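Working notes, structure below.
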Amino acid sequence: MPSALDRSADDPDGPSGARSDGFASGVRTRFERYRNLQFTDPEIAAMLLAPVVAYLVAVSYYPIAATIWTSLHDNALGLRGPPEFVGLENYRSLLSNGSFWNSLKVSLIYTGVSVPIELALGMGIALLVNRRFKGKFVAQAAILFPWALPTIINARIWQWLYHGEYGVFNDMLLRVGLIESPYAFLAHPTSAMAAMLVVTIWKTSSFMALILLAGLQSIPEHLYEAAEMDGTSRWQRFTDITLPLLKPTILVALIFRTLPAFQAFGLPYGLTGGGPGESTTTLVLFDHRITFSQLAFGEGSAAATVITLIALAISMVYVSTLYEPEVR
Amino acid sequence: MRATRTSGDDDERLLSRRGHLKAITAAGAAGLAGCLGGGGDGSGGSGGDQQGGTIKFTHLGTFGGEAEAFIPEFEKRAGNVTVKHQQTPAQSASSHDYYVNQFISQSSDFDVGQMDVIWPAEFWQNGWIAAVKDPDGHTDKMLETPVEAATIDDTLVGMPLYTDANALYYRKDVLDKYDMEPPKTYTELVEQAQTIMEQEDKDWNGYIWQGGTNEGLTIMWLNWLWGMGGTVRHDGVLKVNTEKGVRALQHAVDLIHEHNVTPKSVPSSDTDGNRQTFQNGNTLFMRNWPYAISVMNEDGSPVKDKFDVAPLPTHEDHPDASNSCLGGWNVFVNEFSDNKGPARKFASFMASLDVQKRMAVEFSRLPVRKEVYEDEEAQEKFPQLALYKDILPRTKARPASPKYTTFSQVLYTNLNAALVQSKPPKRALDDAQKKIDSEVNSA
Chain A
90 MPSALDRSAD DPDGPSGARS DGFASGVRTR FERYRNLQFT DPEIAAMLLA PVVAYLVAVS
150 YYPIAATIWT SLHDNALGLR GPPEFVGLEN YRSLLSNGSF WNSLKVSLIY TGVSVPIELA
210 LGMGIALLVN RRFKGKFVAQ AAILFPWALP TIINARIWQW LYHGEYGVFN DMLLRVGLIE
270 SPYAFLAHPT SAMAAMLVVT IWKTSSFMAL ILLAGLQSIP EHLYEAAEMD GTSRWQRFTD
330 ITLPLLKPTI LVALIFRTLP AFQAFGLPYG LTGGGPGEST TTLVLFDHRI TFSQLAFGEG
390 SAAATVITLI ALAISMVYVS TLYEPEVR
Chain B
22 MRATRTSGDD DERLLSRRGH LKAITAAGAA GLAGCLGGGG DGSGGSGGDQ QGGTIKFTHL
82 GTFGGEAEAF IPEFEKRAGN VTVKHQQTPA QSASSHDYYV NQFISQSSDF DVGQMDVIWP
142 AEFWQNGWIA AVKDPDGHTD KMLETPVEAA TIDDTLVGMP LYTDANALYY RKDVLDKYDM
202 EPPKTYTELV EQAQTIMEQE DKDWNGYIWQ GGTNEGLTIM WLNWLWGMGG TVRHDGVLKV
262 NTEKGVRALQ HAVDLIHEHN VTPKSVPSSD TDGNRQTFQN GNTLFMRNWP YAISVMNEDG
322 SPVKDKFDVA PLPTHEDHPD ASNSCLGGWN VFVNEFSDNK GPARKFASFM ASLDVQKRMA
382 VEFSRLPVRK EVYEDEEAQE KFPQLALYKD ILPRTKARPA SPKYTTFSQV LYTNLNAALV
442 QSKPPKRALD DAQKKIDSEV NSA
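The listed protein sequences derive, respectively, from chains A and B.
Counting along the first sequence from 1, when you hit position 180 you're at 269 in the numbering used here, and nothing is skipped either side.
Counting along the second sequence from 1, when you hit position 41 you're at 62 in the numbering used here, and nothing is skipped either side.
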């Protein structure tokens with residue numbers, strides 16, 4: 090900014106002169122400037138930012154506002170006459186809906202169990218892949234594969250692997266003699282949840298690893314060399330150099346995984362359909378159900394708003410506990 | 022604080038900025054044009070009842086063979102119409118979600134679609150579908166029930182495509198070996214299955230049915246309820262936690278956990294998954310729709326010519342009870358379509374005699390036209406047609422309600438919880454009733 094200030098002081102036609110001539114000539118000089126495509130820094134900035142702002146408004150802020158609006162109305166689609174303002178009625182009926190609390194519990198378990206395991210596994214993979222070895226590139230590409238497959242396809246593949254009659258897992262367990270008759274993995278509440286967790290951990294640990302790997306690669310090598318010369322152990326180097334310097338990356342990785350895990354939809358939709366009963370019905374699957382199958386758009390939007398608020402709260406907790414502005 | 026860049030040194034930079042700005046404006050305009058262009062093309066103009074052009078038919082995943090067979094036929098007959106087609110999942114509920122999504126955004130992405138027999142009230146009352154037309158009087162020659170189900174407020178809102186009834190699939194070869202007739206009662210079915218499973222060396226599944234969290238489970242439970250002489254309609258409201266309702270569900274739970282004739286994987290199964298399991302060759306009994314007959318008789322199928330169908334059993338105290346659920350599908354015209362003329366023509370074509378007969382003979386779909394049931398060629402090539410003719414009068418429709426989807430979803434979620442013994446049957450149905458009262462009966 091100082092350079093802009095200097096130039097403004099040198100410039101006889103600058104805005105300070107125009108201002109003293111009164112409003113009308115101010116407008117005129119402004120138009121003249123515009124006609125010559127001459128703009129001030131803030132004006133250029135506004136123009137360059139406008140498309141992004143418009144984009145954000147269209148795809149982010151407008152939908153959020155519309156969702157909140159919908160959550161405060163009955164018959165928001167106008168299918169039976171005009172929408173009717175009902176205040177917090179939709180929230181009241183949401184909070185008294187047992188299925189909502191059940192799905193909240195399912196989502197919390199799903200997130201609480203999968204994310205820490207993914208972080209640990211992802212860290213392990215990242216540390217392994219970060220070493221120098223032949224075929225490193227191939228290994229890096231390979232660990233990304235599960236993550237690159239679309240969730241719904243993963244869900245279908247695993248549904249067949251888990252199949253209660255002729256799934257691969259049953260076949261293997263039967264051949265080894267661990268079980269006597271096929272086990273229906275997806276037809277028991279606990280094993281269905283476990284089955285879903287296995288898939289998501291398999292799928293996203295590699296994603297976690299990729300983010301952590303980027304962080305690892307930015308840690309200067311000389312720190313390790315110096316530490317080695319001071320006679321530290323491998324574990325000390327990990328806890329005193331790697332972990333502290335990786336903290337911002339871990340923050341990003343946790344946010345990137347916790348929020349999608351909390352908003353899981355594709356996996357339960359494709360793998361278990363939320364069953365048996367409602368034992369794997371996650372929050373978003375529940376929301377999808379009441380919104381698009383039962384057409385309760387008001388209550389569905391209320392649920393969406395609540396989910397957004399919880400997600401926001403989770404990110405706040407992460408940022409306040411892990412974020413250190415001047416860490417590097 | 023503003024700085025105007027007019028001094029000489031900055032001319033060059035201004036010029037290059039001017040260039041950037043132009044580039045940005047151009048890109049923006051192109052992007053905008055792209056957006057505008059996207060919505061308009063494809064459907065060809067805004068004419069209401071023009072007769073040519075391209076239409077798109079959206080159908081069930083399991084209707085693909087039929088679509089491939091009949092679309093060229095229609096194009097040949099219509100002359101100036103091209104039909105593209107796309108499919109929704111094999112499951113009714115997922116297809117429903119797809120259509121609702123499209124309708125809410127007033128999509129004209131498809132012109133004709135395939136509608137389950139339980140949707141017309143909802144689709145029509147929400148203004149999502151247009152009336153179909155029947156200039157050739159096809160509906161006069163149809164079975165009454167499918168036409169009634171597609172008629173709302175005296176308007177034909179969908180062209181009946183095929184009707185559906187449940188039947189019991191059984192392994193004829195195995196039952197013959199034990200000198201058994203297909204079971205007539207629930208008890209008989211259990212006894213036969215247990216006898217055979219005990220005596221055979223191979224691991225057999227006794228009886229498989231739709232037990233997963235989907236529409237199929239609602240239908241299963243209704244079948245048992247009706248087979249025990251029960252009903253869900255009581256004085257204009259839907260009641261599920263009746264004594265007979267609990268008994269019906271208890272029977273289902275017992276099949277899995279007490280009689281051990283139904284495998285424990287059934288609570289995570291669906292219609293076509295059942296068909297695949299039965300087709301694999303180690304299952305004695307299955308409840309399914311007619312389409313499975315032609316699929317399982319294809320060359321290479323392990324059960325080809327080894328199975329047959331019979332009416333579903335009932336409770337021994339109610340031998341004449343309804344023991345089948347009315348299913349079936351209609352062709353509807355999308356209200357937001359720009360090409361309703363050819364769309365209606367296509368709907369009408371699918372109800373014509375040739376199509377109906379071919380659909381029965383080649384795809385084992387139950388025709389909606391009465392005369393096909395009397396047709397000798399059709400009877401010969403689709404031997405089970407006569408049986409279904411007897412089953413059809415004993416089918417019962419699911420409760421008509423604009424909130425049927427909610428009713429069914431609440432019900433099958435709770436039924437499923439009972440099947441995996443998360444809840445006892447009585448509590449599952451009490452829980453379901455509570456929700457049905459507040460979300461369906463109160464509306």
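Glycine included, each C-beta is placed from N, C-alpha and C at the ideal position.
Keep in mind that this is a model prediction, so the values were computed, not measured.
Could you name the residues of the same chain whose beta carbon sits closer than 7 Å to that of residue i, not counting the 5 residues immediately before and after it, in chain order?
i       : result
S113(B) : D137 and E236
P309(A) : none
T159(A) : A165, F386, G387 and S390
L250(A) : G256, V257 and F258
Helix, strand or coil for residue i, going by three-state DSSP, please let me know.
i       : result
G348(B) : strand
C56(B)  : Here C56(B) scores only 37 on pLDDT, less than 50, and its place in the model is too uncertain to base an answer on.
G170(A) : coil
G300(B) : Residue 300(B) is actually Gln in this sequence, not Gly. It is helical.
F306(B) : strand
L42(B)  : Since pLDDT at L42(B) reaches only 42, below the 50 mark, its modelled position is unreliable, and the value read off the structure follows with that caveat. The answer is helix: DSSP assigns L42(B) an H, G or I state.
N219(A) : helix
D465(B) : Missing from the structure shown is residue 465(B); chain B here goes from 22 to 464 and no further.
P420(B) : coil
M163(B) : strand
Y199(B) : coil
R378(A) : helix
M21(B)  : Lying outside 22 to 464, the shown extent of chain B, residue 21(B) is not represented and no answer is given.
Distance cutoff 8 Å, beta carbons only. Does residue i sit that close to anything in chain B?
i       : result
A276(A) : yes
V408(A) : no
F381(A) : yes
Y255(A) : yes
A155(A) : no
P365(A) : yes
A342(A) : no
G224(A) : no
S368(A) : yes
R378(A) : yes
L362(A) : Correcting the residue type first, residue 362(A) is Gly in the shown sequence and not Leu. So, interface residue.
A393(A) : no
A273(A) : yes
L384(A) : yes
Might you give, ordered along the chain, the residues of its own chain that have their beta carbon closer than 6 Å to the beta carbon of residue i, omitting 5 neighbours on each side?
i       : result
F124(B) : W149
A364(B) : I76, D132, V133, V354 and S358
T467(B) : Because chain B here runs from 22 to 464, residue 467(B) falls outside it and cannot be looked at.
V406(A) : none
H80(B)  : A88, Q108 and Q135
V311(B) : The sequence shown places Pro at residue 311(B), rather than the Val named in the question. Here the set comprises S385 and L387.
P101(A) : In this prediction, P101(A) scores a pLDDT of 46, lower than 50, which makes its location untrustworthy; the coordinate-derived value is nonetheless stated afterwards. Counting only Cβ-Cβ distances below 6 Å, and skipping sequence neighbours, we find nothing.
Y425(B) : I139
Compare the Cα-Cα distances from residue i to each of the options and report the closest residue.
i       : options                               : result
G176(A) : E367(A), G387(A), L372(A) and R378(A) : G387(A)
G213(A) : P357(A), L332(A), L360(A) and F351(A) : L332(A)
A215(A) : F327(A), V142(A) and E367(A)          : F327(A)
A438(B) : V274(B), Y394(B) and D222(B)          : V274(B)
L360(A) : W310(B), T234(B), P334(B) and T252(B) : T234(B)
G248(B) : T206(B), D222(B), Y120(B) and S289(B) : T206(B)
W242(B) : M201(B), T335(B) and V195(B)          : T335(B)
A342(B) : T103(B), P414(B) and A111(B)          : P414(B)
Leaving out five residues before and five after residue i in sequence, what residues of the same chain have Cβ atoms less than 8 Å from its Cβ?
i       : result
G201(A) : none
V261(B) : V253, L432, L450, A453, Q454 and I457
So, is the C-beta of residue i closer than 8 Å to a C-beta in chain A?
i       : result
G266(B) : no
K325(B) : no
P284(B) : yes
V441(B) : yes
G61(B)  : The pLDDT assigned to G61(B) is 34, lower than 50, so where the model puts this residue is not dependable; a value taken from the coordinates is nonetheless given after this. Taking Cβ atoms only, chain A never reaches closer than 8 Å to G61(B), which makes this a no.
V121(B) : yes
P93(B)  : no
Return yes when at least one heavy atom of the ligand GTP lies under 7 Å from the C-beta of residue i, else no.
i       : result
L343(A) : Inclusion of the ligand GTP in the displayed structure is not the case, the ligand content being empty and no account of it being possible.
Touch test, the stretch 307–326 of chain B against the stretch 281–300 of chain A, Cβ-Cβ under 8 Å, three pairs minimum: Using a C-beta cut-off of 8 Å, the stretch 307–326 of chain B makes no contact with the stretch 281–300 of chain A, since fewer than three inter-stretch Cβ pairs fall below that distance.
Given 8 Å, three or more beta-carbon pairs between the stretch 334–345 of chain A and the stretch 264–284 of chain B: With a cut-off of 8 Å, the stretch 264–284 of chain B and the stretch 334–345 of chain A do not count as touching, because too few Cβ pairs lie within range.
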